[in-house]
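In what follows, a structure is listed as structure tokens, so that the remarks can point back to it.
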Amino acid sequence: MVIILKEMRGFRNILIHEYAAIDDELVYDAAKEKLTDFNKFKKEILKKF
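Okay, structure coming up:
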């Protein structure tokens, strides 16, 4: 889970801080493909509450 979160953070930094040119199609594809990562993260958070 830690690796996934680090990858999310890196991708977020690229989007927010504009470290690189952003390809909308790439962002869309990543969001679709990585949706399960968000669900895993959500489940882990909900376990704690």
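Residue 5 is where the sequence shown starts when you use this note's numbering, and the numbers rise one by one after that. For every residue, glycine included, the Cβ atom is placed at its ideal position computed from N, Cα and C.
Check                                                                                             : Outcome
Straight-line Cα distance separating Ala35 from Asn43                                             : 12 Å
Sequence-distant residues of its chain with Cβ nearer than 6 Å to Asp41 (five each side left out) : Ile8
Endpoints, the alpha helix (DSSP H) within which Ala35 is located                                 : Asp28 to Glu37
Nearest-angstrom beta carbon gap, Met5 and Glu48 [assumed within contact, 8 Å]                    : 6 Å
Start-to-end residues for the alpha helix (DSSP H) that takes in Lys3                             : With the chain running from 5 to 53 in the structure shown, residue 3 is simply not present.
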